[in-house]
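Trainee: Quick one: the structure is below, questions incoming.
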Amino acid sequence: MKTVAVLAALAIALVLQATLAGLSMAGGTRVNLVLVAVVYAALAFGPVTGMLAGTAGGLVQDAIAGGIVGIGGLSKTLVGFLVGVLGAQFIVSTTVPRLLMFVAASFVHEVCFQALYALVETRGFRMQYSAALIQALVNGLVGILAFFLVERGPDLLQRRRSWRTASSRRRY
Amino acid sequence: MLDIRRRTGVLFVAISMGHLILISLQIPSKSGVPVFQSVTFGTFARVQGTTASTVYGLRHFWSNYIWLRGVRAENDTLKRQLSDLQVQLQEQRALATRSERLQQLLNLQSATTVPTVAAEVIAGNPNPGMLTITIGRGAADGVQKDMAVIAPAGIVGRIIGTPAAHAARVQLLIDRNAAAGAFTERTRAGGMVAGADKDPPLIMDLVSNMADVKPGDVVVASGVDGIYPKGFVIGRVEISERGSGLYRTITVRPVVDFSSLEEVLVVLVPPRPATPDETAEPAAAPPAAAPAGPPK
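Sequence order for the protein chains is A and B.
Quick note on our numbering: the first sequence kicks off at 9 and runs consecutively.
Quick note on our numbering: the second sequence kicks off at 15 and runs consecutively.
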């Protein structure tokens, strides 16, 4: 069940990311939904799931993007593993630690990704720190929203249903 | 029995090693496309094509049937504009006829229309690190690797990888790994336009410090790379400064708006081997050595 949920989350993130990038090139580069899904899986299910989600998501993303297959996979595997280990060591069940985790993970991912490309292409390390920071913050906000929806969504729906039932009883 | 999931460190090292082997396998093999990449791209292109159709359908339904506020007023305005434009069109036709006659008089070869096929952009790039798009035309439509992709405003990029039957990947000219042979229309100072991770997203390299290049100069493809058709517009020079070495520091603002590409044209001319440009002046040519001519 957990595997299916993680794979479904990765697939949805991938399709949404490509669709978003298709609608707006700028919008597509401001967020990395696959990375958000990987960090989410790592925080929710631990380092092994995070690592495997990073491998799967990164490899498929690389294969579709047309670059060197494995660079994104390795970056996401590393991030999934690190986030999973840190998530198991520290309490990251509230909003601020989670946001910090998402932002830090996004930044580490970008550094790894650019460094690996620099190594493979034997060129200097080039990175736009402001753009990476913006993407990390957007990723963090999307990740927090995802946690909120998954954890509080069913409860909110239940409350809404109860409120509707009570108000209809009062009416009749 | 050994449960590998309990040995997280071992699993992490094994997966990382797998990735490193995978990356190293790809570096020397520049020619062939890996099977994994080809199959994944082909499958995903189908899914993305369906998603894009649904999204475009919903957008068109919204804009054509629901969001129709002020359409009557807009219709009247457009009719008036159409009348004005028809008059302008007549003037332009007359000018075009006159230009063609002058061109024949000068024994210049008339510009040949390159065969193209229109393609819809069905997806952007799922990896924010690479600037590519996916179009809804592929090998079945005659699209081949390294064919140029253009928009009405100018050059967009080139086809990379082996196209699927009904989809192909396009590397945008602003990608950091993209480049094109180019020269300035005014002074024909030759160089190479390449993508850059900054704003503006193009730089023009290998232009001598002696060359006359000014902000506002139109940069067009030279055709020496064998991919991009000669004379097609790339962008306008934004900054042109004397460099510390042999070459000028030039940044170019592309004419194509890459943030809102919806439809493009694929030039159905197979790429040819790169050849030296005959008309562009060499990089060290004196300023204004040759007048700007019409694109061929």
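We put the beta carbon where it would ideally sit given N, CA and C, even for glycine.
Do F89/A and F58/B have their C-beta atoms closer together than 8 Å?
Mentor: What you label residue 89/A is simply residue 81 of the first sequence in a count that begins at 1. What you label residue 58/B is simply residue 44 of the second sequence in a count that begins at 1. Taking 8 Å as the Cβ cut-off, F89/A and F58/B do not qualify as a contacting pair.
Trainee: Across which residues does DSSP place V266/B in a beta bridge pair?
Mentor: Reading the second sequence from its first residue, position 252 is the one you call residue 266/B. According to DSSP, which records beta bridges pairwise, V266/B is partnered with L216/B and V251/B.
Trainee: I'd like to know whether the C-beta of L134/A is nearer than 8 Å to at least one C-beta of chain B.
Mentor: Your numbering for residue 134/A matches position 126 in the first sequence. In the sequence on display, residue 134/A carries Arg and not Leu. It does; some Cβ of chain B falls within 8 Å.
Trainee: Is R21/B buried or exposed, if buried means 16 or more other CB atoms sit within 10 Å of its CB?
Mentor: Counting from 1 along the second sequence, the entry for residue 21/B is found at position 7. R21/B comes out exposed.
Trainee: In chain order, what residues of the same chain have a beta carbon less than 7 Å from the beta carbon of L18/A, not counting five sequence neighbours either side?
Mentor: Numbered from 1 along the first sequence, position 10 holds the residue referred to as residue 18/A. Cβ within range, chain order: V42, A45, A61, A64 and G65.
Trainee: Check whether the stretch 116 to 128 of chain A and the stretch 92 to 101 of chain A touch, using three or more Cβ-Cβ pairs below 8 Å as the test.
Mentor: Contact fails: fewer than three Cβ-Cβ distances are below 8 Å.
Trainee: What did DSSP end up calling T146/B once you bin it into helix, strand or coil?
Mentor: On the second sequence, position 132 is the one that residue 146/B refers to. Here T146/B sits in strand by DSSP.
Trainee: So, with DSSP's three-state summary, where would you put E134/B?
Mentor: Counting from 1 along the second sequence, the entry for residue 134/B is found at position 120. Of the three classes helix, strand and coil, the one that applies to E134/B here is strand, per DSSP.
Trainee: Report the residue from F53/A, G81/A and L141/A whose alpha carbon sits nearest the alpha carbon of S30/B.
Mentor: Position 16 of the second sequence, counting from 1, holds the residue named residue 30/B. Taking only the C-alpha atoms, the option nearest S30/B is G81/A.
Trainee: Alpha carbon to alpha carbon, how far is M144/B from T176/B? Give it in angstroms, no decimals.
Mentor: To locate residue 176/B, count along the second sequence from 1; it is residue 162. To locate residue 144/B, count along the second sequence from 1; it is residue 130. Answer to the nearest angstrom: the Cα atoms are 17 Å apart.
Trainee: Check the C-beta distance from V227/B over to T201/B and give it rounded, since I have them as a contact under 8 Å.
Mentor: Working through the second sequence from its first residue, we reach residue 227/B at position 213. Working through the second sequence from its first residue, we reach residue 201/B at position 187. Sure, about 7 Å apart at Cβ, within 8 Å.
Trainee: Would you mind listing the beta strand (DSSP E) stretches within the stretch 38 to 84 of chain A that are 3+ residues and don't spill past its ends, in chain order?
Mentor: With a minimum length of 3 residues, no continuous beta strand (DSSP E) run stays inside the stretch 38 to 84 of chain A.
Trainee: Taking just the CA atoms, how far does V119/A sit from G259/B?
Mentor: Here residue 259/B is taken as the residue at index 245 of the second sequence, counted from 1. Here residue 119/A is taken as the residue at index 111 of the first sequence, counted from 1. Rounded to the nearest angstrom, the two C-alpha atoms are 30 Å apart.
Trainee: Contact criterion: CB-CB distance below 8 Å. Does R256/B meet it with respect to chain A?
Mentor: Residue numbering aside, residue 256/B sits at position 242 when the second sequence is read from its first letter. So, not an interface residue.
Trainee: Against chain B, with Cβ distances strictly below 8 Å, would V100/A count as a contact?
Mentor: The residue given as residue 100/A occupies position 92 in the first sequence. It does not: the Cβ of V100/A has no partner Cβ on chain B nearer than 8 Å.
Trainee: Can you check DSSP and say which residues form a bridge with Q185/B?
Mentor: As a working mapping, residue 185/B is identified with position 171 in the second sequence. Bridge partners of Q185/B: T146/B and R172/B.
Trainee: Between which two residues does the beta strand (DSSP E) holding E277/B run?
Mentor: Locating residue 277/B in the second sequence gives position 263, counting from the first residue. It spans E277 to V281 - the beta strand (DSSP E) in which E277/B sits, taken as one unbroken run.
Trainee: Whole-angstrom Cβ separation of N141/B and Q69/A, contact assumed at under 8 Å?
Mentor: The count along the second sequence starts at 1 and reaches residue 141/B at position 127. The count along the first sequence starts at 1 and reaches residue 69/A at position 61. Confirmed, about 5 Å.
Trainee: Could you please give me the residues that DSSP links to A235/B through a beta bridge?
Mentor: Locating residue 235/B in the second sequence gives position 221, where the first residue counts as 1. The partner list for A235/B (beta bridge, DSSP) reads A196/B.
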